Structure formats: structure tokens, C-alpha cells
Amino acid sequence: MASGKVLLVTDRGLERGWKTAFAAQGFDLDTRPDSTRAIELIDTEGLDAVVIRPPLRGEKVEEVLAALRLTTPRVPVVIVDPEVTPREVFEICRTSSAEYHFDARSPGPLAGTVRQVVERSRAARSGPPTGSIDAILGQAAITRELRATVLKIARSAATTILLLGESGTGKDLVAHALHESSPRAAAAFVPINCSAIPEALLESELFGHEPGAFTDAKTLKLGLLELANGGTVFLDEVAELSMPIQAKILRFLEERTLKRLGGTRDIPVDLRIISGTHVDLEEAVSLQRFRQDLFFRLQVVPVHLPPLRERVEDIPVLARHFLDTLNLRFHKRFGGFAPDAMRRLVEHLWPGNIRELKNAVERVVLLEDGSSIESSMLDFLRPALEATRPEPVSVSQPPDRASLRWDDLELDTLLRALEQCHGNQSEAARRLGVSRDTVRHRINKFGIRLETRAIVTLPLDRRLPAREAESGS
Ligand SMILES: Nc1ncnc2c1ncn2[C@@H]1O[C@H](COP(=O)(O)OP(=O)(O)OP(=O)(O)O)[C@@H](O)[C@H]1O
Ligand SMILES: [Mg+2]
4 MASGKVLLVT DRGLERGWKT AFAAQGFDLD TRPDSTRAIE LIDTEGLDAV
54 VIRPPLRGEK VEEVLAALRL TTPRVPVVIV DPEVTPREVF EICRTSSAEY
104 HFDARSPGPL AGTVRQVVER SRAARSGPPT GSIDAILGQA AITRELRATV
154 LKIARSAATT ILLLGESGTG KDLVAHALHE SSPRAAAAFV PINCSAIPEA
204 LLESELFGHE PGAFTDAKTL KLGLLELANG GTVFLDEVAE LSMPIQAKIL
254 RFLEERTLKR LGGTRDIPVD LRIISGTHVD LEEAVSLQRF RQDLFFRLQV
304 VPVHLPPLRE RVEDIPVLAR HFLDTLNLRF HKRFGGFAPD AMRRLVEHLW
354 PGNIRELKNA VERVVLLEDG SSIESSMLDF LRPALEATRP EPVSVSQPPD
404 RASLRWDDLE LDTLLRALEQ CHGNQSEAAR RLGVSRDTVR HRINKFGIRL
454 ETRAIVTLPL DRRLPAREAE SGS
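Read in our numbering, the sequence shown has 412 at position 409, and its numbers run on one by one without any break.
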């Protein structure tokens with residue numbers, strides 16, 4: 004029987020027979036009196052389930068539950084409370100995925116229930132992501148804050164939200180979670196990648212058209228906005244919208260009605276718009292590539308998704324999660340990561356963020372075999388630090404210029420990828436787990452010249468003055 008760890012949150016301590024009853028189901032049982040102490044334990048050890056049993060030290064069951072949901076959203080919770088009314092059970096089960104167990108007299112049947120709940124949760128976790136807030140994994144303080152924010156703003160069904168974050172930080176995931184946790188969850192969630200639909204088609208895709216609106220418009224076609232009525236539209240890569248379409252979206256946001264192409268009628272449409280971008284929209288506004296009025300309309304509530312390097316505490320949880328799902332997908336049996344392999348993952352800088360981490364784990368699980376992921380299997384993740392740059396940064400740079408060092412690391416990672424791919428940008432993007440746009444953008448930013456397919460040169464003359472100027476500021 005697989006072994007696991009269960010946390011009992013109660014102010015009663017461990018009563019006689021409880022540890023044995025859980026051990027018989029393969030669980031090590033530990034106890035804490037309140038949510039704060041429970042979370043301290045959860046932070047240091049993985050958990051398979053939490054049992055909440057009143058009395059709790061100065062807290063209600065719902066309070067402990069809410070605190071746990073923000074910390075370990077996916078851990079199954081069983082509440083043991085013989086005193087609770089059916090109405091309270093209904094309320095709690097409606098808003099969380101906790102289960103109830105009413106019989107607190109003997110721990111044996113409870114341990115059996117916990118076993119079943121854990122098995123069900125393991126099976127569910129191997130399925131596709133749920134799209135709910137629980138799918139946003141991570142323990143870091145900023146990730147918890149992110150979950151709390153998502154939960155809060157999801158509830159106000161009309162608020163317009165702008166998701167800002169580098170490539171691979173989870174914008175799609177969060178947009179989906181916002182929808183799933185909102186009162187609009189029963190209606191459609193329509194993600195639209197503004198950069199993937201050709202400009203000429205985008206307008207009719209969004210707004211639809213009447214028959215005969217243009218040559219190819221034979222029949223009536225409903226646009227994506229109209230199809231999403233009642234639900235949520237996620238306008239991803241919103242910075243890519245052309246000026247004419249920006250004007251139309253602005254009008255839609257102001258009037259909440261749309262006209263199909265070739266139509267005359269104003270059709271009321273009720274939806275929430277979430278938009279997403281990895282570029283600096285304010286800069287796009289100042290460069291007059293993005294309308295300022297639309298920018299203000301879209302970012303009623305801006306949500307920043309931090310890059311993975313700013314939440315390294317999330318790396319073990321995410322890596323473990325990807326390992327579990329990929330083991331199943333590729334029929335492998337990796338039990339976990341060797342400590343030095345995990346250290347390597349935690350120390351890597353992940354310019355492609357969570358997507359890059361996922362791709363890295365996928366690559367190892369697919370190509371390697373064994374019972375645990377060893378450090379040597381991660382050799383393709385050469386730390387950007389051992390770069391081949393001629394000048395060590397320390398001579399002229401104060402060591403605390405984190406942003407400068409980050410640029411250097413990013414540059415080195417990019418150069419190495421380009422070298423390995425003989426200057427092929429698409430291939431480099433794929434290896435790094437980032438979009439081709441990101442690669443292109445960085446190439447411009449660093450002034451890298453790609454001469455013939457084999458040679459990658461960096462004009463040092465362009466980099467050095469910039470660095471000196473920064474270090475003097
Ligand atoms: N907190 C998280 N927990 C679990 N999985 C995550 C988390 N954040 C991101 N992921 C996963 O990482 C991958 C990349 O996330 P996502 O596609 O949402 O990023 P993105 O910001 O939309 O990237 P891009 O700008 O490239 O479109 C997805 O497979 C997603 O499920
Ligand atoms: Mg995306």
C-alpha cells in the first residue's frame with residue numbers, strides 16, 4: 004500500500020488509536036491546532052490529505068478551509084463534525100471541494116474515507132486541468148496572493164481584467180480560472196488569440212457578418228463575441244490588435260452592443276472581457292501603437308503574473324505535478340527527483356517560465372527511463388551562468404545589479420540556443436519553450452545579428468556602452 008501523509012487540524016491533539024488507524028491505511032498522521040501552524044507544516048512537507056476536526060484554536064472550520072485553499076488548493080480535505088447542520092454542510096460543499104465525515108467516535112472508518120478520497124484525488128489529478136482556481140499551483144507567497152486575487156475578482160462578473168505577464172507565466176490558465184470561478188461559469192469561455200487570426204479575418208471572426216456583407220459571406224455568421232454572450236472572452240496578445248479593430252472593441256466596451264459586418268442592428272451582448280499580453284502596453288500606448296482610451300478600458304483591474312524566477316518556491320510543486328501527469332501520459336514510473344536534480348531545477352532561471360519547466364520535464368520523462376529523475380538527465384539545462392562570455396561581470400559591475408545580471412543571463416541563454424539551432428529562430432524558440440515573438444523581440448533588444456544560418460554574432464560595441472551607462476545610474 005502506498006504510503007502518504009495526512010494532517011489532522013484539531014485542538015484535541017492526537018487521541019488514542021488515531022495514529023494506528025491511519026497507519027493501517029498507509030498514512031502517517033500529524034496534527035496541528037490551527038491553520039497557521041498547519042500551513043507551516045504544509046510548507047515543509049508534501050501532504051496527501053487534510054482532516055479538519057473541531058474544536059480548532061480560535062478558528063471556524065470555514066476559516067481553516069479558506070486558508071488551506073489558498074495554500075494547497077489541490078489537497079483533498081475531509082471535515083469531521085458530528086454537530087454540523089445539513090445547511091452548513093451544503094454551504095461548505097457548494098463553495099469548496101471538501102468532504103464530510105460525520106462519525107467522529109472511532110478513527111478507523113474515517114481513515115478508510117480518507118484513503119478513498121486520496122485515491123480519487125490522485126486519479127482526478129492525472130486528468131486534464133480543471134480550469135478552476137485549484138489548477139493554479141504553487142506555494143510561493145505571490146502565487147497565493149495571485150489565487151486570492153483571482154478568487155476575489157472572479158466573483159464580480161462584469162469587471163474587465165488585464166493579465167500581464169511574460170510568456171509561459173500562466174495567462175491562459177488564469178483567464179480560464181477566472182471564468183470557471185465566476186458567476187458566468189455555466190456560459191461559454193472563448194479564448195481568442197489576436198495574433199493568430201489573420202488581420203483580414205479578425206473583424207468578421209469577432210463581430211460576425213450578415214449574408215452578403217462581402218464577397219465570400221454567403222450565409223449569416225455569428226462572431227465570437229456574440230457566441231460568448233453570457234460568458235467570458237479572453238483576448239490574448241491584445242497588443243497585436245490593429246488600430247481599426249481597437250476602435251471597434253472600444254465601441255463595444257462602451258456600448259455593450261455590436262453590429263455584425265454588413266448589419267445595421269445593434270445587438271446587445273453581455274460578457275466579461277479578459278485581455279492578456281506579454282508586452283508593455285503602456286509603452287505601446289506611448290509609441291501610439293495602442294489606443295490609450297482602450298488601454299484604460301481594458302485594465303480596470305490589472306493582474307500581474309510573476310515570472311517563475313520570482314517564485315522559485317513553486318518549482319518543486321510544479322515539477323512534481325508535471326512529473327505525475329507526464330508519467331501517466333508516457334507510461335513511465337519516475338517516483339520523483341533526486342535532490343541534486345531538484346536543486347538544478349530550482350536554480351535554473353526559466354526564461355520561458357512555467358511552460359519551459361513543463362517542456363523540460365516532458366522531455367526527460369519522454370526520453371529517459373528510471374525510478375527517479377537524476378541530475379545528469381537535465382544536462383540540456385546548462386545553467387546560463389557558465390556562459391562563454393569573455394568579461395566577468397564582477398570587475399566593473401556592482402554585484403547587486405540584479406536586473407543587469409538578468410539581462411546577461413537571458414542573453415547567454417538565447418545565444419546558446421541560437422547557436423545550437425544554427426540561427427534558426429523558430430527552433431530556438433521551441434527549445435527554450437517560448438514563443439517565436441519572444442525570441443525575435445530579444446534578438447532586437449540585444450542587437451544580435453544573425454549572419455548566414457550558421458553564425459551568431461553579438462555586436463559588443465552596442466552592449467557595452469549600455470551596460471556602463473546603467474551601472475553609473
Ligand atoms: N500556476 C500554475 N500551475 C500549474 N500549471 C501552470 C501554472 N501556470 C502555468 N501553468 C502551465 O504552464 C503552461 C503555460 O501556461 P499558459 O499557457 O497559461 O501561459 P501564458 O502566459 O498564456 O503563455 P503565452 O504568453 O506563451 O501564451 C500551461 O501548460 C499551463 O497549464
Ligand atoms: Mg497564452
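All C-beta atoms in this analysis are idealised placements derived from N, C-alpha and C, irrespective of residue type, glycine included.
This structure is a prediction, so every number in the text was calculated from the model and none was measured.
Counting other Cβ atoms within 10 Å of its Cβ, R347 reaches 16 or more and is therefore classed as buried.
Secondary structure note for K8: it is in no alpha helix (DSSP H), and the uninterrupted beta strand (DSSP E) holding it is 7-12. Within the region 239-284, the runs of alpha helix (DSSP H) that reach at least 4 residues and sit entirely inside it are, in chain order, 246-258. Secondary structure of P309 (DSSP, three-state): coil. When rounded, the separation of the alpha-carbon atoms in T235 and V80 is 30 Å. Beyond the five residues adjoining it in sequence on each side, R118 comes within less than 7 Å, by CB distance, of Q28 in the same chain, given in chain order. Per the Cβ contact rule, the region 368-377 is in contact with the region 317-335 (3 or more Cβ pairs under 8 Å). In the DSSP assignment, A52 falls within the unbroken beta strand (DSSP E) covering 52-55. Cβ contact annotation for A191 (same chain, cutoff 6 Å, sequence separation greater than five): A231, G234, in chain order. Under DSSP, D33 forms a beta bridge with L10. Taken from the Cβ of V349, every heavy atom of ligand 1 lies 8 Å or farther away. In terms of Cα proximity to R254, the closest of F298, K224, V78 is F298. R294 and Q249 have their alpha carbons spaced roughly 7 Å apart. Taking non-hydrogen atoms of ligand 1 into account, the C-beta of R358 is found less than 8 Å away from one of them.
The beta strand (DSSP E) runs lying completely inside the region 164-197 and spanning 3 residues or more are 164-167, 192-196, given in chain order. A direct Cα-Cα distance of roughly 5 Å separates A24 from G111. Within the chosen limit of 8 Å, ligand 2 does not reach the beta carbon of K361 with any heavy atom. Counting every other CB atom within 10 Å of its CB across the protein chains shown gives M380 a total of 16 or more, marking it as buried. Residue burial is scored here from C-beta neighbours: A322 has at least 16 other C-beta atoms within 10 angstroms and is therefore classed as buried.
Using a C-beta cut-off of 8 Å, the region 160-179 makes contact with the region 277-297, since at least three inter-stretch Cβ pairs fall below that distance. Non-local beta-carbon contacts of L44 in its own chain, meaning distances under 7 Å to residues more than five positions away in sequence, involve L10, D33, R35 in chain order. The closest heavy atom of ligand 1 lies less than 8 Å from the beta carbon of D175.
The residue from A344, R312, K221, L384 with its alpha-carbon nearest to that of E377 is A344.
With respect to the 9 Å criterion, I136 and V304 are not classified as neighbours on the basis of their beta carbons.
Across the set T146, T39, D106, the C-alpha of T39 shows the shortest separation from the C-alpha of E62. If you check the C-beta of I164 against ligand 1, you find no heavy atom less than 8 Å away. In summary, K361 is buried, with 16 or more beta-carbon neighbours lying within 10 Å of its beta-carbon over all protein chains present. When only Cα atoms are considered, V315 and A287 end up about 30 Å apart.
Just measuring C-alpha positions, the residue of L154, R125, A363 sitting nearest A180 is L154. Between V54 and V83 a beta carbon distance of about 6 Å is seen, short of the 8 Å cut, so the two are scored as contacting. Ligand 2 has no heavy atom closer than 8 Å to the beta-carbon of D37.
Taken through DSSP and simplified to helix, strand or coil, H334 comes out as coil. Minimum Cα-Cα distance from V364 among the listed residues L68, D327, L17, V78 corresponds to D327.
Annotation: R312 to L352 spans about 6 Å, alpha carbon to alpha carbon. Taken through DSSP and simplified to helix, strand or coil, K221 comes out as coil.
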